[in-house]
């Protein structure tokens, strides 16, 4: 090609390589796409400037395009609104360093470094800052400037247990490099002035080694070995002693650092444990560094910022530290009202300029709170600040006018902006107007202005509330005159709807002290007419409620009646099924069965044989079991009868002295003595009243009456204690007919973010084993293993932590864990809502009643042959050999027992 061009045979551009054109087109198309996306992101930010992800995406695209001017502008806008991460700052700083050739550009880079280290604790940025400063040591004062930056870095991150060592080593290398420039050539004579400079430099390096060895850092043993090798003289005893002390401290900190190394971000629970440990030691510098480390990874946790700022505000009280922390806190969590309020107080407390407070308040108004009440509280905090600036000894001042203007603006802001955004006022009780009225009446002696403000309050729908009228009355009573007090109370009697009796009493008491006879008569007439109207309205409302309650009760009766009829029909069908395929000879067998038998023993003692019928099999074949009644059993029945006659369940007048104890074992030999032993530690027991069945058997529950009311509260703490291997239920005695909404269930049925629900546990898992497993993730407050009424474990547990952060961390670590070949499930506790009057016992009882002891059967097929089916009579039914009517009651007089002959005749029809 070159030869052809030289010979003149070819003129023009060389042909392009295959595919080059398509690559250029691809680049052009991708560039057009980037420009379109950049334009879209810029428009989006013009609409919503606080879109964090949009800022990040725009910066990435501008980096790809290489437009440094737009890139710098985008970064600056994002930095004004948000604190930047370490990665974003490092990218920005490296770009600025590459462009910093002239001295003004280098000064801009230094200013950018100073701004970058204020957002979060960033050892990498400090190291980059210090190394950049080394480049300027050739200028006058450059060495001192670099040393100053290194010292600032040590103050900021020198105590960082894992990343602080890099700053110490960089500082020592810098000083060693300076020492190398001072060393003369070998064999030359060192001037005295130069020797003094060398000695001073050696002293700096020695001091750096000593300072570092006194700080507990990871891998500090290598630093000690390095110092021993570097030092020409043996190390001082004080240095070794400080090193050993720091080494001991490092061993105490090491478990917390190791926990941070193995934990997954954001490591909030681990940092909180670490902070608690540092707070106990009380070293302010170490407390500050651990807070900064935690906030670098948990910058969006308002509680962490609140704890840090309050520590600085109440303990250190250093203005620059406090205000800087608050400024960073509200930039990270602008939606948190408490941080803004505390920030305004801190500015006032540390004497910040008035304009600074105003600017901070304006930023807070644009923070975007999530509820209307937050704006009310913010305005109230700002108005309190302005009120404290006013000197009320002067009739008028600039500060007072500013306060009044702020009140007016605040009310307009709440009415227009807040109501439009949240569709509610946020200040229904008009607290800001009330405070303004108090200031006008009490501090400015302008009662007329206060009355106008209260008129505005009442016209906002507050005239029906008694407490609002009484607030106004109290203001008039304190700063007004009796005439306006009387006028306010008369209007209150006329308008109040919630507590008219209270307002009427206040009016009558006022006239008793201040009014004439005519005033008293007028007040009595007004109050009597008002109370009569109120009583009539309440009577109508009560009658309406009673009618509704009666209708509901009638519906409940109908439902109960319907259930009873269904149950009776079901029992009749079951009875018919049980008598299928009985033979006719059962009649003769039944006649023999109906005759009681007697047997005489050798010692002439009679034993009465009782016959008991049982049914077995699908078709209900009868068997006979002979039960001998011995003299001992007769004696037991006599004791039971005496118990049944003498037992008294409970005296309702002694409810407040009595607890109800249930779920006890039926086999307790002497319940009275056993319960006295259980409750002996509580106090003096007046009486224990066990409840027995008609046959004299203990039914598993009793009443325990104490001599004093306070002992009942102590007795309730024994709830769920094991007695004879079963959990004992202890509850207060409450008449549920008078208190239908009383709930014995003592555990919460709503979302509990600090409590976990664990399922799938092996039945052999003990409380101690579970506690050992769970305490690794936080501070435990309580562990409760769920058991059934017999005290047997159900494989479930509730674990309560100190706070919700620890609980969340435990969920992440424990969910799906294997315990004794069982995979457990762990979740935040959120029990289902319990309906009024519902309980586990009633629900299980209904299930047993509907479907039997073993629940609903697999098949619902009717196994009775059609020839033997017989519909129950409309008026009477037969169940268990007793004739009953359709309501399930026995027919007239005593129930007529059917013989086996009757059964046989019925089956043969």
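Residue numbers (our numbering): 137 to 1045.
Glycine included, every Cβ here is placed at the ideal spot set by N, Cα and C.
Next item on the list: Kindly identify the DSSP beta-bridge partner or partners of residue 859.
Entry: In the DSSP output, where bridge partners are listed per residue, residue 859 has 862.
Notebook entry, point to check: What are the complete alpha helix (DSSP H) segments, minimum 4 residues, inside the segment 564 to 650?
Noted result: 567 to 574, 583 to 593, 602 to 615, 618 to 631 and 636 to 650
Note to self: Once DSSP output is grouped into helix, strand and coil, what is the label at residue 812?
What the structure shows: helix
Margin query: Determine whether the beta carbon atoms of residue 946 and residue 937 lie at a separation below 8 Å.
Written below: The Cβ atoms of residue 946 and residue 937 sit closer than 8 Å to each other.
Next item on the list: Consult DSSP for residue 919 and reduce its assignment to one of helix, strand or coil.
Entry: strand
Check: Could you give the distance in angstroms between the alpha-carbon of residue 1038 and the alpha-carbon of residue 865?
Finding: 48 Å
Note to self: For residue 893, report the span of its beta strand (DSSP E) as first-last.
What the structure shows: In the DSSP assignment, residue 893 falls within the beta strand (DSSP E) that extends over 888 to 895.
Notebook entry, point to check: Is it true that the segment 279 to 296 meets the segment 406 to 425, where meeting means three or more beta-carbon pairs spaced less than 8 Å apart?
Noted result: yes
Notebook entry, point to check: How is residue 209 classed by DSSP in three states: helix, strand or coil?
Noted result: helix
Next item on the list: Check residue 320 in the structure and name its three-state DSSP category.
Entry: coil
Margin query: Among 304, 848, 631 and 689, whose alpha-carbon lies nearest the alpha-carbon of residue 354?
Written below: Per the Cα distances, 304.
Note to self: Under 8 Å, with one C-beta from each stretch per pair, do the segment 811 to 830 and the segment 892 to 901 reach the 3-pair mark?
What the structure shows: Taking a contact to require three or more Cβ pairs closer than 8 Å, the segment 811 to 830 and the segment 892 to 901 do not qualify as touching.
Check: Mapping DSSP to helix, strand and coil, what is residue 151?
Finding: With a pLDDT of 44 at residue 151, under the threshold of 50, the modelled position of that residue is not reliable, and no figure is offered here.
Check: Taking three-plus beta-carbon pairs below 8 Å as touching, is the segment 620 to 638 in contact with the segment 653 to 669?
Finding: Pairwise C-beta distances place the segment 620 to 638 in contact with the segment 653 to 669, as three or more of them are shorter than 8 Å.
Notebook entry, point to check: Of the residues 638, 478, 910 and 689, which one's Cα is nearest the Cα of residue 438?
Noted result: The closest CA to that of residue 438, considering only 638, 478, 910 and 689, is found on 478.
Check: To which residues does DSSP link residue 291 through a beta bridge?
Finding: Residue 291 is not bridged to any residue.
Notebook entry, point to check: For residue 361, does the count of other Cβ atoms within 10 angstroms reach 16, so buried, or fall short, so exposed?
Noted result: exposed
Next item on the list: Label residue 554 either buried or exposed according to how many other C-beta atoms from any shown protein chain fall within 10 Å of its C-beta, with 16 as the threshold for buried.
Entry: buried
Margin query: Taking 8 Å as the threshold (C-beta atoms), are residue 960 and residue 861 in contact?
Written below: no
Check: residue 800: which of 926, 622 and 410 sits nearest, CA to CA?
Finding: 926
Check: residue 693: buried (16+ other C-beta within 10 angstroms of its C-beta) or exposed?
Finding: exposed
Check: Alpha carbon to alpha carbon, what distance is there between residue 292 and residue 383?
Finding: 21 Å
Item checked: Straight-line gap, residue 370 to residue 346 (C-alpha atoms, nearest Å) -> 13 Å
Note to self: Do residue 248 and residue 232 count as a contact pair if the criterion is CB distance below 8 Å?
What the structure shows: yes
Notebook entry, point to check: At what residues does the beta strand (DSSP E) containing residue 937 begin and finish?
Noted result: 929 to 937
Checklist line | Nearest-angstrom Cα separation, counted from residue 405 out to residue 911 | finding: 12 Å
Notebook entry, point to check: Can the beta-carbon of residue 266 be found closer than 8 Å to that of residue 306?
Noted result: yes
Notebook entry, point to check: Of the residues 356, 264 and 395, which one's Cα is nearest the Cα of residue 376?
Noted result: Answer by Cα proximity: 356.
Margin query: How far does the alpha helix (DSSP H) with residue 192 in it extend, from its first residue to its last?
Written below: First-last of the alpha helix (DSSP H) with residue 192: 188 to 201.
Check: Nearest-angstrom Cα distance between residue 683 and residue 602?
Finding: 30 Å
Notebook entry, point to check: Tell me which same chain residues have a C-beta within less than 6 Å of the C-beta of residue 1014, skipping the five on either side of it?
Noted result: Below a pLDDT of 50, predicted positions are generally treated as unreliable, and residue 1014, at 41, falls in that range; no measurement from the model is reported.
Next item on the list: Under 8 Å Cβ to Cβ from residue 854, same chain only, skipping five residues before and after it: list those, please.
Entry: Spatial neighbours of residue 854 in its own chain (CB-CB distance under 8 Å, excluding positions within 5 residues in sequence) are listed in chain order as 814, 815, 818, 864 and 866.
Checklist line | N-terminal and C-terminal residue of the alpha helix (DSSP H) that residue 835 is part of | finding: It is not in any alpha helix (DSSP H) - residue 835 instead sits in the beta strand (DSSP E) that spans 834 to 842.
Notebook entry, point to check: Under three-state DSSP, which class holds residue 902?
Noted result: Coil, per DSSP.
Next item on the list: Tell me where the beta strand (DSSP E) around residue 793 begins and ends.
Entry: From DSSP, residue 793 is part of no beta strand (DSSP E); its letter is neither H nor E.
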